[in-house]
Amino acid sequence: MAGASRWADEEGDRAEKDRRKKEKEEKKRAKLAKQQAEEEAKARAEQRVQRSDERPSKKRKLSPDGEEDAQPQFGERKLLRFEAPGWGPCRHTSNFETLNHIEEGSYGWVSRAKAISTGEVVALKKIKMDYNQDGFPITALREISILQQARHANIVDLREIVMGNGLDDVVMVMEFIEHDLKTLEEDMFDPFKPSEVKTLLRQLGSAVGFLHENHIMHRDLKTSNILLNNRGQLKLADFGMARHVPPPHAPLTQLVVTLWYRAPELLLGAEDYGPEIDMWSIGCIFGELLSKEPILQGKDEVDELSKIFALCGLPNDKTWPGFYRLPNAKALKIPRDTKSGSVIRSKFTFLTNAGAELLTSLLSLNPAGRPTAKQMLQHPYFTENPRPMPPEMFPSFPSKAGQEKRRKHSPNAPRRGDAPKIGGGELDFSSIFAGREEEQKGAGFQLRIG
1 MAGASRWADE
11 EGDRAEKDRR
21 KKEKEEKKRA
31 KLAKQQAEEE
41 AKARAEQRVQ
51 RSDERPSKKR
61 KLSPDGEEDA
71 QPQFGERKLL
81 RFEAPGWGPC
91 RHTSNFETLN
101 HIEEGSYGWV
111 SRAKAISTGE
121 VVALKKIKMD
131 YNQDGFPITA
141 LREISILQQA
151 RHANIVDLRE
161 IVMGNGLDDV
171 VMVMEFIEHD
181 LKTLEEDMFD
191 PFKPSEVKTL
201 LRQLGSAVGF
211 LHENHIMHRD
221 LKTSNILLNN
231 RGQLKLADFG
241 MARHVPPPHA
251 PLTQLVVTLW
261 YRAPELLLGA
271 EDYGPEIDMW
281 SIGCIFGELL
291 SKEPILQGKD
301 EVDELSKIFA
311 LCGLPNDKTW
321 PGFYRLPNAK
331 ALKIPRDTKS
341 GSVIRSKFTF
351 LTNAGAELLT
361 SLLSLNPAGR
371 PTAKQMLQHP
381 YFTENPRPMP
391 PEMFPSFPSK
401 AGQEKRRKHS
411 PNAPRRGDAP
421 KIGGGELDFS
431 SIFAGREEEQ
441 KGAGFQLRIG
């Protein structure tokens, strides 16, 4: 029985052993498959990270050979971000304290004010709203748009636009300039010196040339729109009538430029004009700086034309081709065979030949005969003696806009032979020291006389 019992359990044990072995192999295969799945997932994750941080394999070498080791090793660099400009609300007019009123112009009221936060003195121009037309005034829109584009040393700087409590309270904040040429000429005893005229004219030509290069016409150049600070720097202002140069043959309004500075083609009804009208105004300003008063003070358009023809001569087909085709020229009774010439040279006798030639060309009746601003600045008039005065050497004047008063008259230094002579009898100075004994004595020493 013992032998039968031994052989009876051998087959069952073999089956159990095979089952356990098979189960062990299945567990091993499952573990291996799990590990492979985890490794594949990890590899895919690493590939995604590498693709996101992928950089060019070949970098540009910025340092010479041998200096790479000397370079300090930096950590991970951070991306710098800059705030881009965007739309924002305007500041309120309460940020400025009005000091005094300066003047009222055609398109606004100008005042002197002080910024409360910084104490800087600025000029405020409150825009006049035209309630007869809907919307914001087109003149103000043009002025703001052009001043934001025209950044030049000789053009007034527009700082910002501020608002009041209502939509009709729009104020332009600009730099404050002490003088305008018109007020300055009225307060001056003598005209500007030739060197000073050249300095002013050269700065004016630089500003107008910048505008014309950027296809902008000022259309209202006059001495009251030309500012001057106490450092001899000229600034062009009041761009209410300025506009960009339109395409050729585009109709334009004739009612531009103040009458005394208006070009003859505008007076004759031309609707197709260009920057030449600004150069005529510069010629009028040039003559005004020399004579200390406007040179063409017409009462109306007809009188202005007569004064222009009296100074510059009568036009004809040779000096101004196409003159008779202008709208208002048909009403003028001018003989076609006239030979009346310019009298500019005889009126400005103190001008040099170069100066008279420049003034004559600026006041040419034919717009095509006027120089451009760039050509004007290259004229020999600015290189001959006396040379233009440096702006920093320009004289300063009391500012009427800043409410500065002219100093009272003081005695001049004595000149040879003008000093009164003391002679004759004896002079008694005893009255100067009379009553000194009765004065209250102080803690210091007392001077005894006699």
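Following full-length UniProt numbering, the numbering of the sequence shown begins with 1 at its first residue and continues without gaps.
Every residue gets a Cβ at the ideal spot worked out from N, C-alpha and C, and that includes glycine.
- In the three-state reduction of the DSSP assignment, residue 334 falls in the coil class, being assigned neither a helical nor a strand state.
- Rounded to whole angstroms, the gap between the alpha carbons of residue 296 and residue 111 is 30 Å.
- Here DSSP, grouped into helix, strand and coil, assigns residue 96 to strand.
- Taking residue 175 as reference, the option from 154, 192 and 185 with the minimal CA-CA separation is 154.
- Between residue 354 and residue 348, the C-beta spacing is not below 8 Å.
- For residue 104, DSSP records a beta bridge to 109.
- Counted as a single uninterrupted DSSP element, the alpha helix (DSSP H) harbouring residue 200 occupies residues 194 to 213.
- Residue 283 is not a Cβ neighbour of residue 245, given a cutoff of 8 Å.
- Under the 10 Å beta carbon count, residue 236 is surrounded by 16 or more other beta carbons and is classified as buried.
- Taking 8 Å as the cut-off, the beta carbon of residue 401 is found no closer than this to the beta carbon of residue 216.
- A residue is called buried once 16 or more other Cβ atoms fall within 10 Å of its Cβ, and residue 143 is buried on that count.
- Within the region 119 to 168, the runs of alpha helix (DSSP H) at least 4 residues long that lie entirely inside it are, in chain order, 138 to 149.
- The residues 219 and 241, in chain order, have a CB closer than 6 Å to that of residue 256 in the same chain once the five nearest residues on each side in sequence are set aside.
- The alpha-carbon of residue 129 is positioned some 18 Å away from that of residue 90.
- The alpha-carbon of residue 328 is positioned some 26 Å away from that of residue 372.
- Straight-line measurement puts the Cα of residue 17 at about 31 Å from the Cα of residue 37.
- By the Cβ test, the region 308 to 327 is in contact with the region 255 to 270, since at least three Cβ pairs between them sit closer than 8 Å.
- Here residue 194 is buried. Its C-beta has 16 or more other C-beta atoms within 10 Å.
- Secondary structure at residue 282: helix, using DSSP grouped into helix, strand and coil.
- Taken atom to atom, the span from the alpha-carbon of residue 30 to that of residue 44 is near 21 Å.
- With a contact defined as Cβ atoms closer than 8 Å, residue 171 and residue 124 qualify at about 5 Å.
- Within the DSSP bridge table, the entry for residue 115 names 96 as partners.
- By the criterion of a C-beta distance shorter than 8 Å, residue 95 is surrounded in its chain by 115, 116, 117 and 162, once the five residues flanking it on both sides are discounted.
- At the C-beta level, residue 253 and residue 232 stay beyond 8 Å of one another.
- If you ignore the 5 residues before and after residue 270, its C-beta comes within less than 8 Å of the C-beta of 254, 326 and 327, all in its own chain and listed in chain order.
- Distances from the CA of residue 247 to each of 223, 238, 272 and 268 were compared; the closest alpha carbon is that of 272.
- About 6 Å separates the beta carbons of residue 201 and residue 286, which is inside the 8 Å limit, making them a contact pair.
- Contact between residue 139 and residue 181 fails: their C-beta atoms lie close to 22 Å from each other, not under 8 Å.
- Residue environment for residue 209: buried (at least 16 other C-beta atoms within 10 angstroms of its C-beta).
- Per the C-alpha coordinates, the member of 360, 385 and 122 positioned closest to residue 376 is 360.
- Per DSSP, residue 302 is one residue of the alpha helix (DSSP H) stretching across 301 to 312.
- Cβ atoms of residue 399 and residue 178 come within 8 Å of each other, at about 4 Å.
- The residue among 21, 303, 207 and 214 with its C-alpha nearest the C-alpha of residue 221 is 207.
- Counting only residues of its own chain and dropping the five nearest sequence neighbours on each side, residue 259 has a CB closer than 8 Å to the CB of 298, 300, 301 and 304.
- Around the beta carbon of residue 370, 16 or more other beta carbons sit within 10 angstroms, so the residue counts as buried.
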